[in-house]
Structure formats: C-alpha cells, structure tokens
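So the structure is just underneath, and the comments pick up after that.
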Amino acid sequence: MSVFTLPQAEKEAVLLAQLSELTEHHRANCEPYDRILAASGFTKAESIADLPWLPVRLFKTLDLKSIPDDEVFKVLTSSGTTGDVSKIYLDKAAAAEQQKRLAATVQTAIGPKRLPMILVDTKAMLKDRRSFSARGAGVLGMSTFGRDHVWALDMDGHVDVEALRGFLAKHGDQPFLIFGFTFLVWLHLYEVALEHKLDLSNGILIHSGGWKKLIDQAVSPEEFRARLAGVGLTRVHNYYGMVEQIGTIFLEGPDGGALYCPDFADVIIRDPETWAELPPGKPGLIEVISTLPTSYPGHVLLTEDLGVVHGIDDGAWPGKRFSVLGRLPRAEARGCSDTYRSAA
Amino acid sequence: MKFRFGVEGDLTAPSDDRLAVGDPRVVDFLAKLARKLLAPAVARQHPELGSLGYFLRPAELKRSVERMTARQDALVFPRGNVFHLPPANVDTIFVYSWAISALAGNHNVVRISSRSAGAAEVILDSMNAVLADSDPVIGRTQRMVTYGYDDAVTAALSKWCDLRVIWGGDAAVDTIRKQPLRPSARDLTFPDRTSWAVLSVPGWRAADPAARKAAVVGFANDAYWFDQAACSSPRTVFLVGADGDTSEVRSEFLDLLLGVVDQRGWTVDAAMAVEKRVNAYGLAATGAATALDFPDNRVTAVTLAGTELAPRRWIGAGAFPFAEVGSLIDLVPAMNRQDQTVSHFGFTPAELRAFATELGGRGVDRIVPFGSALTFGAIWDGYDLPSEFTRLTTLQP
Chain A
2 MSVFTLPQAE KEAVLLAQLS ELTEHHRANC EPYDRILAAS GFTKAESIAD LPWLPVRLFK
62 TLDLKSIPDD EVFKVLTSSG TTGDVSKIYL DKAAAAEQQK RLAATVQTAI GPKRLPMILV
122 DTKAMLKDRR SFSARGAGVL GMSTFGRDHV WALDMDGHVD VEALRGFLAK HGDQPFLIFG
182 FTFLVWLHLY EVALEHKLDL SNGILIHSGG WKKLIDQAVS PEEFRARLAG VGLTRVHNYY
242 GMVEQIGTIF LEGPDGGALY CPDFADVIIR DPETWAELPP GKPGLIEVIS TLPTSYPGHV
302 LLTEDLGVVH GIDDGAWPGK RFSVLGRLPR AEARGCSDTY RSAA
Chain B
-17 MKFRFGVEGD LTAPSDDRLA VGDPRVVDFL AKLARKLLAP AVARQHPELG SLGYFLRPAE
43 LKRSVERMTA RQDALVFPRG NVFHLPPANV DTIFVYSWAI SALAGNHNVV RISSRSAGAA
103 EVILDSMNAV LADSDPVIGR TQRMVTYGYD DAVTAALSKW CDLRVIWGGD AAVDTIRKQP
163 LRPSARDLTF PDRTSWAVLS VPGWRAADPA ARKAAVVGFA NDAYWFDQAA CSSPRTVFLV
223 GADGDTSEVR SEFLDLLLGV VDQRGWTVDA AMAVEKRVNA YGLAATGAAT ALDFPDNRVT
283 AVTLAGTELA PRRWIGAGAF PFAEVGSLID LVPAMNRQDQ TVSHFGFTPA ELRAFATELG
343 GRGVDRIVPF GSALTFGAIW DGYDLPSEFT RLTTLQP
C-alpha cells in the first residue's frame, strides 16, 4: 500500500490538472492570492513548472486562506528563528485529509500496523509552550503511528537508559519504531546505544529536522547512515516537510541517500538567478508542490532551502529523487535603521 | 570595552583639555584624514569614502568653520561633551556626525557597532594612522569605542554628555532614551525615515539621451549603494506631470537602470531576490500594487494603485514602486513627517520651490537632484548640525 507509485510523466499529467484546478479554486476563494496572481500576470500553466509559486515566508507576513472564518477548524503555526510565525488555516476536510495522507506516506515505510515506539525527545518539551508548536507538534503527530511509547530522554533532557533497556527487553525482538529529530537521534540515541551496547537492529528510524547541526559537527548524511548501521539500525528514513504543506512529507527511500515525492506531491529545483527549472544534478532552491492544501493557497511554494534532484524514475521508488543541501542565508541589508528587519 | 580610537581610559573622567570652535589641531587632523580617504586605492574599493573625503577637505572645513562663527549677535563655543550612537549598517555616518562635532570643538565619544565592517574598518585604520602625526589632544578628547549591549556604559555616558546623538531609527531612539540625561543635556535624534524620487515626465521627454543616461547613473548610485536601505535611498519613483501613457518613459528608465547596474557589476543575491518577492507580493495582496515585474533579480518594478499607497517600509535592494501624479503639488498630501529626501529630475527650480513651499516643513527635509541623495550635508534631517553642536554666549558690554 505505497503512495510512491507514479512514474514522473504520469504523475505530472495527474498533478497538473489537479493543481491548475486548485489554483483556480484559491483564486476564487482567497482575494489576496488572486490579487498576487493578477499583478504577476498569471493566466494558465502549461506544465507543473509554470504554476505560480508563492515564497513560503509569505505565510508569515500575510493571512492567506481559502475558507470562510467560520469554517476554520485548526490554525497551525510554525515558530521561526526571527520570531515571525507562519499561520496555516485548515478546515475539517483539509485537517482530516492531511492526517490520512501523512499516515499513508509513513505506512509505506513502516507497514500498516502500529508498532511499539521510542520517541527520541523529552516529555518536558510538551510543557514548554514556546517550543511546543514546532517540535512538540512534530513529535505528537508522529507518535500516533506507534504504541507503547517510551521517551528516550527524562524530564531534565538526560538520556533515560533504564527506560530504553526496559523497552528493548519487552519489544526489542520484534519490529519497533523510533522517531526523533536528526540531531537528537545522533546525540542521544546513537551515542548512547553505542556506549551501552543497546540492540536496535529491529528498529525502524524516522527522523527529520535538518542536517545543519550535524554538518557543523562534520557528520554527513552518509556517515550518519553508516554509523547507525553500526548499532544495527539499518532501516532509516529521513524526511523533509514543513508546516506550510502539512501532511506532505518527502521520504527517504529504502535505498537511502535521497528523498522521494509521494504521488500527490512533487518538487522542482529552481535557478535562483533565472527562476527557471534546473535539470537533475544542478543545485538550486526547492519548490514544493502538493495537492493537499485546499483550505489555503499553499499548493506551490518556493522554500528557502537549497536542494538538488539526483535522478528521475531511476531509484527504489518512481519519480524524482532529491536531497536537501541547506538553507539560503537570510537577506541582510545595510541601512540607517538598525531595526528595518523587524519593520519589514 | 574595546577602544577603536583615542587614548584608553575612563571615558567620563573630567578633562583639562580645551578645544575651540574650528580648533586648528582638529582641522589639521581632519585634513590629513581626508587625504587618506581620497587616496585612489581607497576610493576605488569604497566609493562612499570618496564623498566622505570630499566633505573633509580643508576648503570645505574652512567654510564650515566660517559658517559656525559668522554670527555677530553672540559668541560661539563648543557645546561640551557629545555622545554619538551611530547606526550599525551605514558605515560612514559616524564620521560625519563626529567630524562636525569635533570641528565644533567638542569632546566626543562615539559608540562603534560591533557589527561594523568594511568601510568603517578602513576609516578607523586611517584615523589611527593619522593620529601618530597629530596633536596628542586629538587622542585625549576624541574617543571611539565598541561595547556590547551594556546599559551601564550607555547610562554613564548619557550622564556625562551635554548632547546625545542617536541614529539607528525609531527603536534605537526609544531604547537609548530610557537612559536619563543630565537636566541640562538634550538629544539629537535620527528616527526612521523614507525617501522618494520624483521624475518629471515632460522633463524626461525634453532631455537628450546623454542627460537621461546621466540622471539614471545618479539615481542608480542613490538606490544601490546602501541596498536601498539608507534613510536617503530613493524607493518609490513618482512619475510627475504625465499627459497620457507613461509606460515608455518607465521602461526606458528601467532599461537604462539595468544597464548601469550591469556596467557596475552590482549583484542581488538569491536571498534578497526572495525578500523582494515576499514584500512585493505583500503589496499586491493588499491591493496596493496592481502589477509586478521581475525582469531580473537586480530590478523589481511595482505599479502602485495610488500615490497614497507608496510603501514606507523597505522592499529590498533594487525594488522600485512606480506611481503617477499630475504635479508635485498633487504629491504634497501623500508626504508626511517621516519623509526625508526627495530626489528629482527634470523639474524647473520654480516647480521645486513651489513644492517645498507647499510642503511647509510638514514633511521632506531635503530636495536634491538625482545622484545627490546620499551626499551628507551639515544640514541634515531638518537640523543645522554645526549649530546643534555649539552653544551661544551673548555679551552686552
């Protein structure tokens, strides 16, 4: 029951029709979006790459939704490093759909059954209101795919080796699920498993959250996989996703080393000078595309992440294989006002 | 605390040194500094230091001193101790502010941002190089320091000074003002400002190709030198006095502009290009903009729905909203106290004077030709700086 089935050409035909329809839907129901497209002179897309993209940061500066106020079921927020926050509006249908699609995507990797689960995080984090929205929502969202959860870190953020030993004694001989942010997995699970000789060979790891901190410690994605294999953890899936396209995650395939797009999503790499689509092998800015955003115009978004497509229809799953390479640094300008950025 | 210039020690200790208005020791120092900054190697790398060097030439200094001391109805003396808090991002402002104050004979302490770089470092190096050949009183009375967000230091210097000069915008002014001054002291503040460009459509049509090109070269310098983020950088371009379609004027202007940008090799990076999209889309989303053009990362053109919708916040480097207006007089209601510089092309002196008169000081402090927007002057933000930096004694025998 995979959601990674469509070869690229077939996918593009399906998506172009659905996304063009979504574009019209959002134009009809979200006036600011319609004004942006009108001012940019958009009429019709002949290809996925023609579809009008919004910079993802626009959801931090504007309220964009395609549903009436009384149908807002959930408002998701992301905390940014500079204090500005994306606001994503979901109605009941969109909220249900994103949860369903996320489940289908994750189950491609872990199978349909709920597995015992290690959360590489601390329960204390759920109480910290400020960090809750980003990290807590991620952990809570993923925790629904498991059962008999154990927190790998205690309330003080220290590794709870006894809890891990107990979990492994009980569930370690059957497949189990591990979820955590990449850096926490490296720091708190890998190193502890190594030191205490914990057997994680039945584990399936799902991790996310970017490589920046690991690359700062000179740990490449390849090395991360190799070292985890050293503690028996060979089923490892990184993923890439963002609150602005909630429900859509780009998942690392069983072959490792690259992310794949589910059938309802795609990526395009753009040249940051010409904004044209780049061919495989050329790094540029990542545009993420998904049919899930029906309640807000977030179906075609230009991220501020750099990435590269490695190949098309040539990996373990069909479609594009790509990697995230890092973040575009924030624009810095000179100016008389030291505070122009907060005003902008 | 790091001393960047001058003798290290207690900044607020009483001093026996006395400087006069236009003190020859200060004039000598500034003239030597000007020579360093006007050296071809420096000016090539940092063109903005050329304008600074020009400002500090002996002839210019002499004129400034003459203006300071010209009055007959009072004796002119230094104001006393002056504490300068220049902005972090415009590398040269601190020198202008300090140099006029030094020329007025004040003891100065300048807080240099720890984020200062590039041109500011060149200036400080030049100042320190010149210091060795100058009168030691300069190092004792003129000090430049870098310190973190240390309220205690700011508080002590605020109590020490007779005049506190705060640059850096509204938030900087509000923050620094929390530190009390002595009852006799006061603030000179430089809050957030916005600047515009006005282009006469008949004037443009009447100008020959060379004059149009020269105008755009000046405008390009004004706009791009500080990423269009200096208080004087022109942002919205008002096309004035059009009878009919202005699209050919605008597209010729933008073509010439892109040509200049190309020639200078100026670039706008991807992050800035995204920043401009975000801000331009924001203008479209609210209905302030009716058309957006992104011909190149270095130039973004925005068609505004009306003059009153011209944005007062920064859009990004190389972002030009355009609006049409019948005459300069029609533009007056859209101007307010936040507006600083209007740079112009193609108007008669009479039109400009009528514009200034109609504004009546309720907005716009400078009306200057294209290419002069960033040229610092002793009259700035509506203040006559030499007179702010001095005090008057009346004498009736």
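Chains A and B, in that order, give the protein sequences.
Mind the numbering: the first sequence is residues 2 to 345 in our numbering, read in order.
Mind the numbering: the second sequence is residues -17 to 379 in our numbering, read in order.
Quick reminder that beta carbons are idealized off the backbone N, C-alpha and C, glycines included.
S325/B - DSSP class collapsed to helix/strand/coil: Translated into positions along the second sequence, residue 325/B becomes position 343. Here S325/B carries a strand assignment [DSSP, helix/strand/coil].
What are the partner residues of W178/B, as DSSP defines its beta bridges? Here residue 178/B corresponds to residue number 196 of the second sequence, with the count starting at 1. For W178/B, which the question treats as bridged, DSSP gives the partners V324/B.
Would you kindly check if the distance between the Cβ of L20/A and the Cβ of H208/A is under 9 Å? What you label residue 208/A is simply residue 207 of the first sequence in a count that begins at 1. What you label residue 20/A is simply residue 19 of the first sequence in a count that begins at 1. Going by C-beta atoms, H208/A is not nearer than 9 Å to L20/A.
Would you give the residue range spanned by the beta strand (DSSP E) that V268/A belongs to? Reading the first sequence from its first residue, position 267 is the one you call residue 268/A. A266 to R271 is the span of the beta strand (DSSP E), which, as asked, contains V268/A.
Can you pull the chain B residues whose beta carbon is under 8 Å from the beta carbon of P56/A, in chain order? Within the first sequence, residue 56/A is the residue found at index 55, counting from 1. The contacting residues are V256, R259, V260 and Y263.
My guess is that V237/A and R226/A are in contact by the Cβ rule of under 8 Å, so how many angstroms apart are they, rounded? As a working mapping, residue 237/A is identified with position 236 in the first sequence. As a working mapping, residue 226/A is identified with position 225 in the first sequence. Contact flag correct, Cβ pair sits at about 6 Å.
Would you mind telling me which residues of chain B sit closer than 7 Å to I37/A, beta carbon to beta carbon, in chain order? Here residue 37/A corresponds to residue number 36 of the first sequence, with the count starting at 1. Within chain B, the residues near I37/A are Y263, A266 and A267.
Please report the straight-line C-alpha distance between S48/A and A14/A, rounded to a whole angstrom. Translated into positions along the first sequence, residue 48/A becomes position 47. Translated into positions along the first sequence, residue 14/A becomes position 13. Cα atoms of S48/A and A14/A: separation of roughly 9 Å, rounded to the nearest angstrom.
N279/B: contacting residues in chain A (beta-carbon distance under 7 Å): Walking along the second sequence from the start, residue 279/B turns up at place 297. Within chain A, the residues placing a beta-carbon under 7 Å from that of N279/B are E274, ordered along the chain.
Buried or exposed for D73/B, please, with buried defined as at least 16 other CB atoms from any protein chain shown within 10 angstroms of its CB. Mapped onto the second sequence, residue 73/B falls at position 91. Taking a 10 Å sphere around the C-beta of D73/B, we find 16 or more other C-beta atoms and assign the residue as buried.
So is Y131/B buried or exposed if we call it buried at 16+ other beta carbons inside 10 Å? For this step, residue 131/B is matched to residue 149 along the second sequence. Y131/B comes out exposed.
Span of the alpha helix (DSSP H) holding T109/A? As a working mapping, residue 109/A is identified with position 108 in the first sequence. Segment K93 to I111, the alpha helix (DSSP H) holding T109/A.
Within chain A, partners of T272/B - CB distance below 7 Å: If you number the second sequence from 1, residue 272/B lands on position 290. Here the neighbours are A40.
I349/B, DSSP secondary structure in three states: Stepping through the second sequence from its first residue, residue 349/B is reached at position 367. Correct three-state label for I349/B: strand.
Fully enclosed by the segment 137 to 207 of chain B, which alpha helix (DSSP H) runs are 4 residues long or longer? Taking only runs of at least 4 residues, the alpha helix (DSSP H) segments lying wholly in the segment 137 to 207 of chain B are 151 to 158, 183 to 188 and 191 to 206.
Using beta carbons (cut-off 9 Å, strictly below), is W212/A in contact with chain B? The sequence position of residue 212/A within the first sequence is 211, counting from 1. By this cut-off, W212/A is not an interface position.
Counting only Cβ pairs nearer than 7 Å, list the residues of chain A close to A253/B. Start at 1 with the first residue of the second sequence, and residue 253/B comes out as number 271. Result: L329, P330, R331 and A332.
In whole angstroms, give me the CA-to-CA distance for T268/B and G150/B. For the purposes of this step, residue 268/B is taken as the residue at position 286 of the second sequence. For the purposes of this step, residue 150/B is taken as the residue at position 168 of the second sequence. Cα to Cα, T268/B sits roughly 29 Å from G150/B.
Examine chain B for any beta-carbon lying closer than 9 Å to the beta-carbon of L302/A, and answer yes or no. Counting from one through the first sequence, the residue named residue 302/A turns up at place 301. At a cut-off of 9 Å between beta-carbon atoms, L302/A makes no contact with chain B.
Return the residues of the segment 59 to 80 of chain A that lie within a Cβ-Cβ distance of less than 9 Å from chain B, sorted by chain order. Residues passing the 9 Å Cβ filter: L59, K61, T62, L63 and L65.
Which class does M243/A belong to by DSSP, given the choice of helix, strand or coil? Counted from its first residue, the first sequence places residue 243/A at position 242. The answer is coil: DSSP assigns M243/A none of H, G, I, E or B.
May I ask you to report which of helix, strand or coil DSSP gives R331/A? As a working note, residue 331/A is residue 330 in the first sequence. Of the three classes helix, strand and coil, the one that applies to R331/A here is coil, per DSSP.
Return the first residue and the last residue of the beta strand (DSSP E) that L274/B is part of. Taking the first residue of the second sequence as position 1, residue 274/B is located at position 292. Looking at the DSSP string, the run of the beta strand (DSSP E) that includes L274/B is A271 to D278.
What does N318/B pair with, by DSSP beta-bridge criteria? Mapped onto the second sequence, residue 318/B falls at position 336. None, per the DSSP bridge assignment.
Output, in chain order, the set of chain B residues within a Cβ distance shorter than 8 Å of E305/A. Against the first sequence, residue 305/A aligns to sequence position 304. The CB of E305/A comes closer than 8 Å to the CB of A253 and V256 in chain B, given here in chain order.
Could you tell me the distance, in whole angstroms, from the CA atom of D89/A to the CA atom of I247/A? As a first step, residue 89/A is located in the first sequence; it is residue number 88 there, counting from the start. As a first step, residue 247/A is located in the first sequence; it is residue number 246 there, counting from the start. According to the sequence as given, residue 89/A is Ile; it is not Asp. Rounded to the nearest angstrom, the two C-alpha atoms are 9 Å apart.
By how many angstroms is the C-alpha of W80/B removed from the C-alpha of Y341/A? By one-based count along the first sequence, residue 341/A stands at place 340. By one-based count along the second sequence, residue 80/B stands at place 98. Interpretation of Y341/A is limited by its pLDDT of 31, a score under 50 that renders its predicted location unreliable; no figure is taken from the coordinates.
Is Y261/A close to chain B? Criterion is C-beta to C-beta, closer than 9 Å. Counting from 1 along the first sequence, the entry for residue 261/A is found at position 260. At a cut-off of 9 Å between beta-carbon atoms, Y261/A makes no contact with chain B.
Measure the beta-carbon distance from L38/B to L12/B and round it to whole angstroms, keeping in mind my assumption that it falls under 8 Å. Here residue 38/B is taken as the residue at index 56 of the second sequence, counted from 1. Here residue 12/B is taken as the residue at index 30 of the second sequence, counted from 1. The beta carbons of L38/B and L12/B sit about 5 Å from each other, so the pair counts as a contact at 8 Å.
With H, G and I counted as helix, E and B as strand and the rest as coil, what does DSSP make of K124/A? Along the first sequence, read from residue 1 onward, the residue named residue 124/A stands at position 123. Three-state result, K124/A: helix.
Same chain, Cβ closer than 8 Å to G316/A, five either side skipped, listed in chain order: Position 315 of the first sequence, counted from the first residue, corresponds to residue 316/A. Within the same chain, G254, D256, A259, Y261 and R322 come within 8 Å of G316/A by CB-CB distance, once the 5 residues on both sides are set aside.
Based on Cα-Cα distance, which residue from R259/B, L113/B, I158/B and L367/B lies nearest to W54/A? Along the first sequence, read from residue 1 onward, the residue named residue 54/A stands at position 53. Out of R259/B, L113/B, I158/B and L367/B, R259/B has the C-alpha closest to the C-alpha of W54/A.
Quick one: what does DSSP say G255/A is sitting in, helix, strand or coil? The residue you call residue 255/A lines up with position 254 of the first sequence. This sequence places Pro at residue 255/A; Gly is not what is there. If DSSP states are grouped into helix, strand and coil, P255/A belongs with coil.
Interface residues of chain B facing L286/A [CB-CB closer than 9 Å]: As a first step, residue 286/A must be located in the first sequence, where it is residue number 285. Taking the beta carbon of L286/A as reference, the chain B residues within 9 Å of it are A252 and V256, listed in sequence order.
Evaluate the contact criterion for the segment 265 to 284 of chain B versus the segment 179 to 191 of chain B: three or more CB pairs, one atom per stretch, below 8 Å. Result no; under three Cβ-Cβ pairs closer than 8 Å.
Proximity test, Cβ basis, 9 Å: Y191/A and chain B: The count along the first sequence starts at 1 and reaches residue 191/A at position 190. Interface flag for Y191/A against chain B is unset, since no Cβ pair is found closer than 9 Å.
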